[in-house]
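Enquirer:
Residue numbers (our numbering): 830 to 1227.
(1) Just reading off the beta strand (DSSP E) that residue 1137 is part of, what are its end residues?
(2) Could you check where the alpha helix (DSSP H) with residue 808 kicks off and where it finishes?
(3) Strictly by DSSP, which residues pair up with residue 976?
(4) Give a yes or no on whether the C-beta atoms belonging to residue 930 and residue 848 are separated by under 8 Å.
(5) What three-state label does DSSP hand residue 908 in the structure shown?
(6) Rounded to whole angstroms, what is the Cα-Cα separation between residue 1154 and residue 1177?
(7) Per DSSP, which one or two residues make a beta bridge with residue 853?
(8) For residue 1014, count neighbouring Cβ atoms within 10 angstroms of its own Cβ and tell me buried if that reaches 16, exposed if not.
(9) Quick check: is any heavy atom of the ligand FAD less than 7 Å from the C-beta of residue 830?
(10) Looking only at DSSP bridge pairs, what is residue 996 linked to?
(11) Okay, do the stretch 1175 to 1190 and the stretch 909 to 924 touch, 3+ Cβ pairs below 8 Å being the bar?
(12) By a C-beta neighbour count over all protein chains shown, 10 Å radius and 16 as the cutoff for buried, is residue 983 buried or exposed?
(13) Taking the DSSP output, what are the residues bridged to residue 1053?
(14) Determine the burial state of residue 1111: buried for a count of at least 16 other Cβ atoms within 10 Å of its Cβ, exposed for fewer.
(15) Can you give me the C-alpha to C-alpha distance between residue 1164 and residue 1101, rounded to a whole angstrom?
(16) For residue 1016, which residues does DSSP report across the bridge?
(17) Based on DSSP bridge pairs, tell me the residues matched to residue 916.
(18) If I measure Cβ to Cβ from residue 859 and keep anything under 7 Å in the same chain, skipping five residues before and after, which residues do I get?
(19) Name the DSSP beta bridge partners of residue 835, please?
(20) Within a Cβ cutoff of 6 Å, which residues of the same chain sit near residue 971, ignoring the five residues on either side of it in sequence?
(21) Start and end of the beta strand (DSSP E) containing residue 1146?
(22) Taking Cβ positions, are residue 950 and residue 1212 nearer each other than 8 Å?
(23) Would DSSP call residue 1037 helix, strand or coil?
(24) Entirely within the stretch 932 to 975 and at least 4 residues each: give me those alpha helix (DSSP H) ranges in chain order.
(25) Determine the closest residue to residue 1026 out of 999, 969 and 940, with distance taken between C-alpha atoms.
(26) What are the residues that DSSP puts in a beta bridge with residue 863?
(27) In whole angstroms, what is the alpha-carbon distance linking residue 943 and residue 1012?
(28) Keeping to the same chain, check which residues put their C-beta closer than 6 Å to that of residue 1064; ignore five residues upstream and five downstream.
(29) Pair every Cβ in the stretch 1029 to 1043 with every Cβ in the stretch 884 to 901, then say whether three or more of these pairs are closer than 8 Å.
(30) Where does the unbroken alpha helix (DSSP H) through residue 1010 begin, and where does it stop?
(31) If I'm right that residue 1067 touches residue 1056 with Cβ under 8 Å, what's the distance once you round it to whole angstroms?
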């Protein structure tokens, strides 16, 4: 718990987050006098994620720009507890995820130049892992992390608490009022928030880490049928043709959906209280009729469309252009943040359409995406300029 020292080295300062199979702690590494993230897996869980990260960080070529966006495993060890053996590994600390930054913002948008830089880094990261034969398998904006500034390590633990708040905990209580088992902790700690609102990020400080490789796989070496990504990010082949297996194009679909979210305020396909059939209907509204073999498998299609793919009477259907204006341009206009001109809009929409082909084999590869007009003319140049220090502070937010 808070204050404990792991491996005679890592002092637990706060909780960063938790998932189904792990809890991540903010620790002070007393050997190198810096903060690190220590991910503690559930008892007897596998070490697949750390193995993938080790592979990606020790593979050639070392000069691929996307390699810098992959977390490196700084240390590995095992903790022995009442529930069994817990695999642990140590990485750099992230400030927050892209989804966290948007959730912290009333406007839920990034500055245009920041968005371009973030997207360029994300595409480079995906291109790198694909070039090494690895598919991420769970690509969404909750797993795209933003690095902490270098001066964060200068904070003592006391200064950390003064700036971000001391750990807050609450007791664990059984619903039936009975005593806790010895293997259950007496209290839980609420995670610390190190991030800030999306519109406050400048291009120069927006450094990406692609996180959570727990679902990563090698399509050329294993047959992966199921996708555990949020349904709105999930490629349609995972629903309609899982027996064929997933591969790199599944990541490309999720990447395109993530790019839209980084550019705009709202997702491309409305997913609040949406069922899988609602999401599929949104996809058909936007991208056109499903391939015939999938169309026939979709039992609920008649609730939304006639057999030709025409929307049922009374259904409101929004076009690509309408979604771009309402999800991306209008929120920027209201916030006083520059949007995207007609030329750039056409370029980014052409790229996204090619990434969102229903047929997996027709989608662009990550390398193809890097060669798209929008990437070469807008995103990659903004990334380069942000790293050269040519960008200063934030654009005006009203």
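Note that CB positions come from ideal geometry on N, CA and C, so glycine has one too.
Since the model is a prediction, treat every value here as computed from it, not as a measurement.
Expert: This is what the structure holds:
(1) Sequence index remark: in the chain shown, residue 1137 carries index 308 (1-based). It is not in any beta strand (DSSP E) - residue 1137 carries neither H nor E in the DSSP assignment.
(2) Outside the shown range of the chain, which is 830 to 1227, sits residue 808, and nothing can be said about it.
(3) Taking the first residue of the chain shown as 1, we reach residue 976 at position 147. Note: residue 976 sits in a beta bridge opposite 923.
(4) Indexing the chain shown from 1 puts residue 930 at position 101. Indexing the chain shown from 1 puts residue 848 at position 19. It is not a contact, given that the beta carbons lie outside the stated cut-off.
(5) Numbered from 1 along the chain shown, position 79 holds the residue referred to as residue 908. It is a strand residue.
(6) Mapped onto the chain shown, residue 1154 falls at position 325. Mapped onto the chain shown, residue 1177 falls at position 348. Spanning the two alpha carbons is a distance of roughly 13 Å.
(7) Locating residue 853 in the chain shown gives position 24, where the first residue counts as 1. For residue 853, which the question treats as bridged, DSSP gives the partners 846 and 868.
(8) Mapped onto the chain shown, residue 1014 falls at position 185. Exposed.
(9) By its list of ligands, the structure shown contains no ligand whatsoever, and the ligand FAD lies outside what it can speak to.
(10) Taking the first residue of the chain shown as 1, we reach residue 996 at position 167. According to DSSP, residue 996 bridges with nothing at all.
(11) Too few Cβ pairs lie closer than 8 Å, so no.
(12) Start at 1 with the first residue of the chain shown, and residue 983 comes out as number 154. Burial call: exposed.
(13) For the purposes of this step, residue 1053 is taken as residue 224 along the chain shown, with counting starting at 1. In the DSSP output, where bridge partners are listed per residue, residue 1053 has 1075.
(14) Translated into the one-based positions of the chain shown, residue 1111 becomes position 282. Counting Cβ neighbours within 10 Å, residue 1111 comes out buried, since at least 16 surround it.
(15) The residue you call residue 1164 lines up with position 335 of the chain shown. The residue you call residue 1101 lines up with position 272 of the chain shown. Taking the straight line joining both Cα atoms gives about 23 Å.
(16) Residue numbering aside, residue 1016 sits at position 187 when the chain shown is read from its first letter. Per DSSP, 1000.
(17) Residue numbering aside, residue 916 sits at position 87 when the chain shown is read from its first letter. 907, per the DSSP bridge assignment.
(18) Indexing the chain shown from 1 puts residue 859 at position 30. The answer, listed in chain order, is 838 and 840.
(19) One-based indexing of the chain shown puts residue 835 at position 6. DSSP lists 839 as partners of residue 835.
(20) Sequence index remark: in the chain shown, residue 971 carries index 142 (1-based). Taken in chain order, the residues that qualify are 926 and 928.
(21) As a working mapping, residue 1146 is identified with position 317 in the chain shown. Careful: residue 1146 lies outside any beta strand (DSSP E) and carries neither H nor E.
(22) Counted from its first residue, the chain shown places residue 950 at position 121. Counted from its first residue, the chain shown places residue 1212 at position 383. Contact: yes.
(23) Taking the first residue of the chain shown as 1, we reach residue 1037 at position 208. The DSSP-derived three-state label of residue 1037 is strand.
(24) 941 to 960
(25) Here residue 1026 is taken as the residue at index 197 of the chain shown, counted from 1. Of the listed residues, the one whose Cα sits closest to residue 1026 is 940.
(26) In the chain shown, the residue the question calls residue 863 occupies position 34. 858, per the DSSP bridge assignment.
(27) Residue mapping note: residue 943 aligns to position 114 of the chain shown, counting from 1. Residue mapping note: residue 1012 aligns to position 183 of the chain shown, counting from 1. So the alpha carbons of these two residues sit roughly 45 Å apart.
(28) Sequence index remark: in the chain shown, residue 1064 carries index 235 (1-based). The residues are 1079 and 1082.
(29) yes
(30) Numbered from its first residue, the chain shown carries residue 1010 at position 181. For residue 1010, there is no enclosing alpha helix (DSSP H), as DSSP marks it with neither H nor E.
(31) Translated into the one-based positions of the chain shown, residue 1067 becomes position 238. Translated into the one-based positions of the chain shown, residue 1056 becomes position 227. 4 Å between Cβ atoms; contact.
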